[in-house]
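One structure is given below, encoded as structure tokens.
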Amino acid sequence: MARDSQAALVALNRFGLGARGGASGDFLNAASDPRGFVKAELARPNGVLLEVPGLQSTPALGKAVFDYQFEIQQARDAAAKSAAPATEGQPPPDAKAQRRNLSLNSIAMDMAPREPSKEQPAKPPDNPNAAMAPAEAMRPNAPKPPPAPLNIIQKTFRAEALARLQRAVMADCGFTERLVVFWSNHFCISANKGGPARMWAGSFEREAIRPHVLGRFGDMLKAVEQHPAMLFFLDNQQSLGPDSRAGKNRNRGLNENLAREILELHTLGVGGGYSQADVTSLANIITGWTYAGRLGQLGAPGSFVFNANAHQPGAQRVMGKIYDAPDVRQGEAVLADIARHPSTAKFIATKFARHFVADDPPPALVARLADVFMRTDGDLKALATALVDSDDAWKAPLSKMRSPYEFLVAAGRLLAQIPNDPGRYLGGLNALGQPLWSPAGPNGFPDTDAAWAAPEGIKLRLDISAQIASRLADGVDPRDLLELVAADAASSETRKTIERAESRQQALALLLMSPEFQRR
Amino acid sequence: METTMGCCEDMRSLVTSRRALLLGGASFAAWAYLPKFARAADGRDPRLVVVILRGALDGLATVAPIGDPDYAGLHGSIALSSSGPNAAVGLDNFFSLHPAMPEFARMYREKKAAVIHAVATSYRDRSHFDGQDVLESGFAGPGRVQSGWLNRALEGLPKGERVTSGLAVGPTTPLVLRGAAPTVGWAPVALPQAAEDTAMRLVELYQHRDPALANALKQGLALDKAAQGDDMKPKPGTNGVAAMRLVARGAAKLMAADDGPRIGALAFDGWDTHANEGGPVGRLAQLLGGLDGALAEFETGLGPRWRDTVIVVATEFGRTARINGTQGTDHGTGTIALVAGGAVKGGRVIADWPGLKPASLYQGRDLAPTTDLRAVMKGVLKDQFGIAEKVLAENVFPDSAPVKPMQGLVG
Numbered sequence: 001m002a003r004d005s006q007a008a009l010v011a012l013n014r015f016g017l018g019a020r021g022g023a024s025g026d027f028l029n030a031a032s033d034p035r036g037f038v039k040a041e042l043a044r045p046n047g048v049l050l051e052v053p054g055l056q057s058t059p060a061l062g063k064a065v066f067d068y069q070f071e072i073q074q075a076r077d078a079a080a081k082s083a084a085p086a087t088e089g090q091p092p093p094d095a096k097a098q099r100r101n102l103s104l105n106s107i108a109m110d111m112a113p114r115e116p117s118k119e120q121p122a123k124p125p126d127n128p129n130a131a132m133a134p135a136e137a138m139r140p141n142a143p144k145p146p147p148a149p150l151n152i153i154q155k156t157f158r159a160e161a162l163a164r165l166q167r168a169v170m171a172d173c174g175f176t177e178r179l180v181v182f183w184s185n186h187f188c189i190s191a192n193k194g195g196p197a198r199m200w201a202g203s204f205e206r207e208a209i210r211p212h213v214l215g216r217f218g219d220m221l222k223a224v225e226q227h228p229a230m231l232f233f234l235d236n237q238q239s240l241g242p243d244s245r246a247g248k249n250r251n252r253g254l255n256e257n258l259a260r261e262i263l264e265l266h267t268l269g270v271g272g273g274y275s276q277a278d279v280t281s282l283a284n285i286i287t288g289w290t291y292a293g294r295l296g297q298l299g300a301p302g303s304f305v306f307n308a309n310a311h312q313p314g315a316q317r318v319m320g321k322i323y324d325a326p327d328v329r330q331g332e333a334v335l336a337d338i339a340r341h342p343s344t345a346k347f348i349a350t351k352f353a354r355h356f357v358a359d360d361p362p363p364a365l366v367a368r369l370a371d372v373f374m375r376t377d378g379d380l381k382a383l384a385t386a387l388v389d390s391d392d393a394w395k396a397p398l399s400k401m402r403s404p405y406e407f408l409v410a411a412g413r414l415l416a417q418i419p420n421d422p423g424r425y426l427g428g429l430n431a432l433g434q435p436l437w438s439p440a441g442p443n444g445f446p447d448t449d450a451a452w453a454a455p456e457g458i459k460l461r462l463d464i465s466a467q468i469a470s471r472l473a474d475g476v477d478p479r480d481l482l483e484l485v486a487a488d489a490a491s492s493e494t495r496k497t498i499e500r501a502e503s504r505q506q507a508l509a510l511l512l513m514s515p516e517f518q519r520r
Numbered sequence: 001m002e003t004t005m006g007c008c009e010d011m012r013s014l015v016t017s018r019r020a021l022l023l024g025g026a027s028f029a030a031w032a033y034l035p036k037f038a039r040a041a042d043g044r045d046p047r048l049v050v051v052i053l054r055g056a057l058d059g060l061a062t063v064a065p066i067g068d069p070d071y072a073g074l075h076g077s078i079a080l081s082s083s084g085p086n087a088a089v090g091l092d093n094f095f096s097l098h099p100a101m102p103e104f105a106r107m108y109r110e111k112k113a114a115v116i117h118a119v120a121t122s123y124r125d126r127s128h129f130d131g132q133d134v135l136e137s138g139f140a141g142p143g144r145v146q147s148g149w150l151n152r153a154l155e156g157l158p159k160g161e162r163v164t165s166g167l168a169v170g171p172t173t174p175l176v177l178r179g180a181a182p183t184v185g186w187a188p189v190a191l192p193q194a195a196e197d198t199a200m201r202l203v204e205l206y207q208h209r210d211p212a213l214a215n216a217l218k219q220g221l222a223l224d225k226a227a228q229g230d231d232m233k234p235k236p237g238t239n240g241v242a243a244m245r246l247v248a249r250g251a252a253k254l255m256a257a258d259d260g261p262r263i264g265a266l267a268f269d270g271w272d273t274h275a276n277e278g279g280p281v282g283r284l285a286q287l288l289g290g291l292d293g294a295l296a297e298f299e300t301g302l303g304p305r306w307r308d309t310v311i312v313v314a315t316e317f318g319r320t321a322r323i324n325g326t327q328g329t330d331h332g333t334g335t336i337a338l339v340a341g342g343a344v345k346g347g348r349v350i351a352d353w354p355g356l357k358p359a360s361l362y363q364g365r366d367l368a369p370t371t372d373l374r375a376v377m378k379g380v381l382k383d384q385f386g387i388a389e390k391v392l393a394e395n396v397f398p399d400s401a402p403v404k405p406m407q408g409l410v411g
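Residue numbers (UniProt numbering), protein chains in the order written: chain W, 1 to 520; chain R, 1 to 411.
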């Protein structure tokens with residue numbers, strides 16, 4: 001087959017996570033069969049699953065976080081009782097300590113090549129005035145006291161992040177990982193909501209998103225809305241049917257948060273034909289959708305349960321249809337119906353095309369994707385396949401900025417650096433405004449070019465690129481890397497800029513910032 | 001380090017937590033067994049510092065052949081002159097030194113500094129990367145070798161005259177010091193995020209290829225400056241005058257210690273002066289001032305060790321003899337090497353001067369090289385550390401037997 005470098009760029013950047021360095025041959029493979037290169041991953045449905053030894057199920061993680069928080073609370077109570085100063089010395093149960101270790105510099109450290117000779121531990125000399133003691137003026141460099149040990153929440157978050165990052169850096173094309181990120185952002189939770197959210201951010205994606213990325217939208221929808229992480233994030237565990245036994249006893253009632261976002265953000269979209277009455281009805285319908293707590297009265301701690309005591313009894317009308325099942329099936333029936341609603345098809349198709357192709361995607365492409373979604377009853381593999389099969393998706397100019405996540409992962413792939421510590425990447429994502437699993441609101445991270453091409457963001461990317469380059473340029477030739485990134489699809493200006501850079505470091509930083517690397 | 005906007009505060013502050021010591025191949029156990037170095041013959045305790053100027057220094061602008069009748073015409077508006085304001089400092093009847101280097105001029109007068117002119121590596125093309133590869137690897141051509149001549153020199157030291165690990169200054173070990181022999185690394189805090197030169201090159205690329213990104217980046221750079229509050233303050237970076245001094249001060253302190261590294265290597269960026277190079281004042285003058293300050297910092301910081309020290313300053317190639325249309329110079333060939341230090345037999349410009357007549361120029365463009373840079377390096381290594389000529393010709397600079405060590409540079 002003829003070699004098509006421009007199509008290879010589309011395959012690797014628009015659909016994938018960028019060419020890997022080393023001897024991967026990614027660019028050549030993509031150039032010889034661009035669509036086949038992208039679609040190969042779709043043929044391996046189980047390849048989307050992320051099963052890594054040590055990563056635990058949501059209930060197991062739930063029990064651990066409940067126990068941890070209970071211990072902290074007990075210690076606090078004991079301290080308060082003995083009138084001692086509050087919980088000093090207690091590890092903070094929140095994310096602050098975790099963020100402390102994140103730094104831009106450490107991304108570069110993480111990506112730095114690890115020569116065997118450098119693996120030896122750095123033992124300080126006995127004599128403080130010896131050769132390696134920093135000069136007086138460099139005092140800030142003095143070794144810092146060791147950081148406090150990570151608590152269970154921090155450890156879990158880092159392990160989940162590491163597993164995801166490693167998968168992303170190693171994936172063949174990265175198309176299915178891109179799909180995971182897309183759906184995970186569509187059905188986002190925020191780890192900043194609190195301990196359980198941080199604990200579950202990774203398992204939520206592994207359990208509710210990944211199994212369905214090449215399956216049915218309706219199945220993903222149900223898995224997401226019944227996942228403890230989502231129920232916690234959007235407060236549904238607090239929502240009580242006003243006429244339920246628990247609602248009457250406790251004089252508390254409905255919380256519409258999850259119901260509203262299901263209709264507005266997860267399925268029909270704003271203007272998708274629902275009313276406030278529909279929101280209220282749906283909120284009533286999903287009362288009782290919660291998870292079992294530490295004591296396990298309703299079930300295994302941390303597992304999804306339907307609490308009939310909290311459920312609003314009676315039939316409800318949503319979008320003109322009556323739902324009268326007496327239990328969890330009432331809500332499941334609503335989800336199944338709105339999952340195949342034409343508004344949902346249109347909303348998903350638009351978002352999908354916007355993410356992969358252009359901020360204002362070709363209307364014909366959106367229409368085709370919506371049609372596929374409707375015809376196949378929300379078959380997401382068919383949707384992804386239709387996208388890759390569409391000529392529109394290949395013809396549109398590469399005009400979108402890579403998101404910070406895509407950028408950092410692409411850099412890691414190109415430089416063949418498999419992360420072994422997530423802190424570096426997490427720090428870079430924080431700095432660039434896309435902290436992992438922590439968008440500012442339930443609408444997720446923005447997905448338009450303007451969001452990521454902002455002045456401060458670009459300047460920060462340049463700083464990060466320079467940092468990465470200062471660690472990694474030795475031992476690589478940026479001219480060779482440009483061949484891996486874009487080959488003859490590279491513009492002559494980019495080629496010249498890299499060739500004329502005055503050092504490898506500068507050339508690598510410029511390559512990472514080039515339009516060929518930043519745009520997709 | 002200046003803190004910028006709130007969103008980056010976390011990151012910026014943590015940049016300063018860069019580990020002081022980046023152990024590059026440092027084998028502590030081996031180090032501990034190494035005897036204190038002293039030359040068996042005369043008890044000297046020599047030091048060697050290699051300074052690499054990345055981007056190709058204009059040797060004709062630094063040590064100007066004012067006595068050459070063709071010089072002023074070729075270098076045009078940026079040529080140095082021996083009279084007027086900012087006059088060049090006469091080194092002999094023929095060569096004058098850039099006025100931005102008073103410390104080097106003093107060392108020269110004290111016969112502790114020398115210039116080798118019309119010098120080049122064996123590389124004859126014009127790629128920075130390949131040129132730096134040749135300069136640092138010590139091989140005759142670019143070959144992506146993963147060890148440098150200074151590291152192999154450490155390995156080639158006579159038995160019993162082993163020195164402690166080489167010191168690599170900066171965020172990474174320069175190729176010249178990479179290899180099997182142990183090295184330690186050190187970097188001052190807050191080395192550049194992105195040098196201004198890199199940012200400007202990127203703006204240029206974006207202007208041609210991606211105007212939206214060009215605008216965003218320009219605004220981002222302006223924001224950054226505003227946040228730093230002081231436009232005039234030199235930005236942190238290896239090409240800032242203050243930063244060069246800072247780097248040298250730290251390295252000198254480490255190397256001055258009794259059990260400190262005897263050999264060090266560092267690199268300064270920013271010498272690729274294609275446009276607005278400047279003459280006695282301007283961009284190149286600033287860089288040369290930084291280099292001059294760095295040499296002075298080594299002299300001060302090494303204290304009594306300065307007596308036995310040689311600093312060699314080298315660059316990957318030179319620049320065109322004739323200035324270009326943008327008041328700068330392009331990639332050329334012949335350039336200079338500088339040596340300074342208490343162990344240098346200085347007060348001389350060493351040159352087999354080829355002349356600047358059109359017919360004498362290399363490819364009609366460049367100062368023709370008449371001295372192989374390897375001869376300079378070999379001469380220094382031989383005299384400072386007693387490394388045998390055979391080892392220099394076979395291991396340190398492979399296949400370089402015809403290039404004889406320069407005699408009498410050190411002593």
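We treat Cβ as the ideally placed atom computed from N, Cα and C, and that holds for glycine.
A quick note: this is a predicted structure, and the numbers were derived from the prediction, not measured.
Item	Value
In its own chain, which residues sit with a C-beta less than 7 Å from the C-beta of E499 (chain W), not counting the 5 before and 5 after it?	R479
Which chain W residues sit within Cβ distance under 8 Å of G55 (chain R)?	E502 and S503
Tell me, to the nearest whole angstrom, how far the beta carbon of Q316 (chain W) is from that of S275 (chain W); I am working on the premise that it is less than 8 Å.	Between S275 (chain W) and Q316 (chain W) the Cβ distance is about 13 Å, and since that is not below 8 Å, they are no contact.
Based on the DSSP output, what are the partners of R216 (chain W) in its beta bridges?	W:D379
Under DSSP, the beta strand (DSSP E) around F268 (chain R) begins and ends at which residues?	I263 to F268
Please confirm whether F175 (chain W) and G36 (chain W) have their CB atoms less than 8 Å apart.	no
Cβ of F317 (chain R) less than 8 Å from any chain W Cβ?	no
On the DSSP bridge assignment, give the partners of H331 (chain R) in chain order.	R:R319
Please confirm whether any heavy atom of the ligand SAM lies closer than 7 Å to the CB of A296 (chain R).	With respect to small molecules bound, the structure shown includes none, and the ligand SAM cannot be examined in it.
How is the beta strand (DSSP E) around residue 422 (chain R) delimited, first residue to last?	Outside the shown range of chain R, which is 1 to 411, sits residue 422 (chain R), and nothing can be said about it.
Are the region 236 to 250 of chain W and the region 262 to 279 of chain W in contact at 8 Å, needing three or more beta carbon pairs?	no
Find the residues of chain R that neighbour Q506 (chain W), judging by a C-beta separation of less than 8 Å, and give them in chain order.	A195, D197, T198, R201 and D269
Thinking C-alpha only, which one of W:I153, W:Q6, W:T376 and W:D474 is nearest G215 (chain W)?	W:T376
Would you grab the beta carbon distance between G220 (chain R) and K459 (chain W) for me? Rounded to a whole angstrom, and I think it's under 8 Å.	3 Å
Determine the direct distance from the alpha carbon of W394 (chain W) to that of residue 427 (chain R), and round the result to whole angstroms.	Because chain R is modelled from 1 through 411, residue 427 (chain R) falls outside the range shown and cannot be assessed.
What three-state label does DSSP hand T183 (chain R) in the structure shown?	strand
Around the C-beta of M200 (chain R), are 16 or more other C-beta atoms found within 10 angstroms, so that it is buried, or is it exposed?	exposed
Taking the alpha-carbon positions, what's the L57 (chain R) to F27 (chain W) distance?	37 Å
Distance check for H341 (chain W) and D327 (chain W), CA to CA, integer angstroms please.	23 Å
Mapping DSSP to helix, strand and coil, what is N105 (chain W)?	Any reading at N105 (chain W) is ruled out, since the residue's pLDDT is 36, under 50, leaving its predicted position unreliable.
Specify, as a first and last residue, the run of the alpha helix (DSSP H) that Q316 (chain W) falls within.	First-last for Q316 (chain W): Q316 to V318, but that is the beta strand (DSSP E), not the alpha helix (DSSP H).
Are the C-beta atoms of D474 (chain W) and some chain R residue less than 8 Å apart?	yes
Which parts of the region 308 to 346 of chain W are runs of the beta strand (DSSP E), unbroken and 3 residues or longer, counting only runs that do not cross its ends?	316 to 318 and 321 to 323
May I have the straight-line CA-CA distance separating A140 (chain R) from Y206 (chain R), to the nearest angstrom?	37 Å
What number of angstroms, rounded off, separates the C-alpha of P369 (chain R) from the C-alpha of A118 (chain R)?	5 Å
Put R348 (chain R) into one of helix, strand or coil per three-state DSSP.	strand
Starting from T176 (chain W), follow the alpha helix (DSSP H) in both directions and report where the run begins and ends.	F175 to H186
Using only the alpha-carbon positions, how far apart do D210 (chain R) and P515 (chain W) sit?	7 Å
For chain W, is any of its Cβ atoms less than 8 Å away from the one on R365 (chain R)?	no
Would you kindly report the start and end of the unbroken beta strand (DSSP E) that includes F306 (chain W)?	F304 to F306
Since R519 (chain W) sits in a beta bridge, which residues does DSSP pair it with?	W:M401
Taking 8 Å as the CB-CB limit, is S127 (chain R) close to chain W?	yes
Below 8 Å on the Cβ atoms is my guess for E297 (chain R) versus A252 (chain R); work out the distance and round it to an integer in Å.	6 Å
Looking only at its own chain, which residues have a Cβ that is under 8 Å from the Cβ of L288 (chain R), when we skip the five neighbours before and after it?	T62, H98, A100 and M101
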